[in-house]
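All remarks here apply to the structure that follows.
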Amino acid sequence: MSRILVLKSSILGDYSQSGKLVDFFVEQWREAHPNDTFTLRDLANPTLPELDGEVVGGFNAGDNPLTQHQKETLALSDELIAELKSHDTVIIGAPMYNFNIPTQLKIYFDLVARAGQTFRYTSEGAEGLVTGKKAIVISSRGGIHADTPTDLITPYLKLFLGFIGITDVEFVLAEGFAYGPEVAEKAAQDSRIAVTQKVPARAQLAPATQPAAVQAPASGGFLSNLMKKLFG
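Okay, structure coming up:
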């Protein structure tokens with residue numbers, strides 16, 4: 001039995017293309033491996049506290065007294081790190097916003113990247129401490145950016161995840177959602193096939209329904225059709 005951590009980062013709630021693909025992936029995985037367990041964390045709902053000078057000071061306070069904000073953020077950071085370390089696979093929904101990952105996902109990375117916890121410095125350089133895990137990234141985009149200089153997400157995530165010790169990283173890039181209905185539909189179909197192929201030792205899988213994972217209610221009903229096309 002494996003434990004899978006699912007991270008969503010889109011601000012678009014139920015309208016998110018990356019969110020839909022993550023849900024589809026989880027359902028396919030559940031179908032093939034019903035004994036596996038999932039932990040779902042929506043990084044946009046509720047939002048995480050941003051890293052600031054006060055928080056960084058708390059991370060390096062030693063035995064010095066902490067402010068209430070430092071205590072709360074440090075406790076959250078500890079929780080996120082323990083959660084990450086306790087799972088075998090991490091599924092990351094990472095839509096492209098202005099050529100990079102959402103702010104919500106970057107804040108998560110800031111909170112889990114802590115010296116002595118997820119990495120350490122040695123005489124030979126940095127060493128990742130979150131080892132023996134696999135990451136699968138699902139990244140939706142309005143345009144087509146794969147293998148071009150405009151895809152900043154793929155190299156950044158490989159770099160960051162490798163820095164903390166996760167070197168087994170795979171990507172599903174769902175692109176072209178802003179290129180019209182036909183291109184968007186083909187992108188959705190192709191990406192569903194691609195995520196299904198990422199399910200380990202999969203059996204013959206039926207079409208997915210909404211995954212039964214624990215999560216906070218998603219918002220976003222007010223968003224326009226244009227936003228649905230332009231963002232993941």
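For the sequence shown, counting from 1, position 58 maps to 58 in the UniProt record's numbering; every step adds exactly one. Where a beta carbon is used, it is the ideal one built from N, C-alpha and C, also for glycine. Every value quoted in this text rests on a predicted model; they were computed, and no experiment measured them.
(Q) Please identify the residue among D110, M96, P102 and T89 whose C-alpha is closest to the C-alpha of L76. (A) By one-based count along the sequence shown, residue 76 stands at place 76. For the residues D110, M96, P102 and T89, the minimum Cα distance to L76 belongs to D110.
Q: Have a look at T89, T150, F163 and V195 and flag the residue whose alpha-carbon is nearest the alpha-carbon of T37.
A: Reading the sequence shown from its first residue, position 37 is the one you call residue 37. Residue T89 is the option with its Cα nearest to T37.
Q.
When you compare the CB positions of E182 and I144, do they come within less than 8 Å of one another, or not?
A. As a working mapping, residue 182 is identified with position 182 in the sequence shown. As a working mapping, residue 144 is identified with position 144 in the sequence shown. No, these two residues do not count as a Cβ contact at 8 Å.
Q: Can you give me the Cβ contacts of residue 234 inside the same chain, cut-off strictly under 8 Å, excluding the 5 residues immediately before and after it?
A: Any property of residue 234 remains undetermined from this structure, which presents the chain solely from 1 to 232.
Q | Counterpart residues of E127 in DSSP-defined beta bridges | A | Mapped onto the sequence shown, residue 127 falls at position 127. For E127, which the question treats as bridged, DSSP gives the partners R120.
Q) Can the beta-carbon of Y108 be found closer than 8 Å to that of A115? A) In the sequence shown, counting from the first residue as 1, residue 108 sits at position 108. In the sequence shown, counting from the first residue as 1, residue 115 sits at position 115. Cβ distance not < 8 Å, so Y108 and A115 don't count as in contact.
Q: Report the rounded CA-to-CA distance for R192 versus P95, giving the unit in angstroms.
A: Indexing the sequence shown from 1 puts residue 192 at position 192. Indexing the sequence shown from 1 puts residue 95 at position 95. Rounded to the nearest angstrom, the two C-alpha atoms are 15 Å apart.
Q | Within 8 Å, strictly: CB atoms of L48 and Q104 | A | As a position in the sequence shown, residue 48 is number 48, starting the count at 1. As a position in the sequence shown, residue 104 is number 104, starting the count at 1. For L48 and Q104, yes; Cβs fall inside 8 Å.
(Q) Once DSSP output is grouped into helix, strand and coil, what is the label at K133? (A) Start at 1 with the first residue of the sequence shown, and residue 133 comes out as number 133. If DSSP states are grouped into helix, strand and coil, K133 belongs with coil.
Q) Under the DSSP definition of a beta bridge, which residues are partnered with A44? A) Here residue 44 corresponds to residue number 44 of the sequence shown, with the count starting at 1. DSSP output for A44 lists T47 as bridge partner(s).
Q | Backbone CA spacing between T209 and Q197 [nearest angstrom] | A | Taking the first residue of the sequence shown as position 1, residue 209 is located at position 209. Taking the first residue of the sequence shown as position 1, residue 197 is located at position 197. Here T209 scores only 45 on pLDDT, less than 50, and its place in the model should not be relied on; the value that follows carries that caveat. Computed Cα separation, rounded: 17 Å.
Q) Taking the continuous beta strand (DSSP E) assigned at V169, which residues delimit it? A) Counted from its first residue, the sequence shown places residue 169 at position 169. Per DSSP, V169 belongs to the beta strand (DSSP E) from D168 to A174.
Q.
Rounded to whole angstroms, what is the Cα-Cα separation between Y179 and E185?
A. Position 179 of the sequence shown, counting from 1, holds the residue named residue 179. Position 185 of the sequence shown, counting from 1, holds the residue named residue 185. Their backbone Cα atoms lie some 10 Å apart in a straight line.
Q) Can you list the beta strand (DSSP E) stretches of 3 or more residues lying completely in the stretch 15-101, in chain order? A) 37-42 and 89-93
Q: Take the Cβ of R3 as the centre, count every other Cβ of all protein chains shown within 10 Å, and call the residue buried at 16 or more, exposed below.
A: As a working mapping, residue 3 is identified with position 3 in the sequence shown. Its Cβ having fewer than 16 others within 10 Å, R3 is exposed.
Q. Helix, strand or coil: which one does DSSP assign to V112?
A. Here residue 112 refers to the residue found at position 112 of the sequence shown. If DSSP states are grouped into helix, strand and coil, V112 belongs with the helices.
Q: State the beta-bridge partners of S139 as determined by DSSP.
A: Residue numbering aside, residue 139 sits at position 139 when the sequence shown is read from its first letter. In the DSSP output, where bridge partners are listed per residue, S139 has L173.
Q.
On the CB-based measure, 16 or more other CB atoms within 10 Å of its CB, does G142 come out buried or exposed?
A. Translated into the one-based positions of the sequence shown, residue 142 becomes position 142. Looking at its Cβ environment, which holds 16 or more other Cβ atoms inside 10 Å, G142 is buried.
Q.
Once the 5 residues before and after K20 are set aside, which same chain residues still bring their CB inside 6 Å of it?
A. Indexing the sequence shown from 1 puts residue 20 at position 20. Cβ neighbours of K20 beyond the five flanking positions: none.
Q: Ignore the nearest five residues each way along the sequence and tell me which others in A126's own chain have a CB closer than 7 Å to its CB.
A: Here residue 126 refers to the residue found at position 126 when the sequence shown is read from its first residue. Same-chain partners within the cutoff: F119 and F163.
Q. Under a three-way DSSP split, which group does M1 fall into?
A. Position 1 of the sequence shown, counted from the start, is the residue given in the question as residue 1. The answer is coil: DSSP assigns M1 none of H, G, I, E or B.
Q) Assuming A44 contacts S10 under a Cβ cut-off of 8 Å, what Cβ separation, rounded to an integer in Å, is found between them? A) Looking up residue 44 in the sequence shown gives position 44. Looking up residue 10 in the sequence shown gives position 10. Right, the Cβ-Cβ distance comes to about 6 Å (below 8 Å), so this counts as a contact.
Q. What residue range is occupied by the uninterrupted alpha helix (DSSP H) comprising P155?
A. Counted from its first residue, the sequence shown places residue 155 at position 155. That run of the alpha helix (DSSP H) goes I153 to F163.
Q.
How far does the alpha helix (DSSP H) with S191 in it extend, from its first residue to its last?
A. Translated into positions along the sequence shown, residue 191 becomes position 191. Element bounds for S191: P181 to T196.
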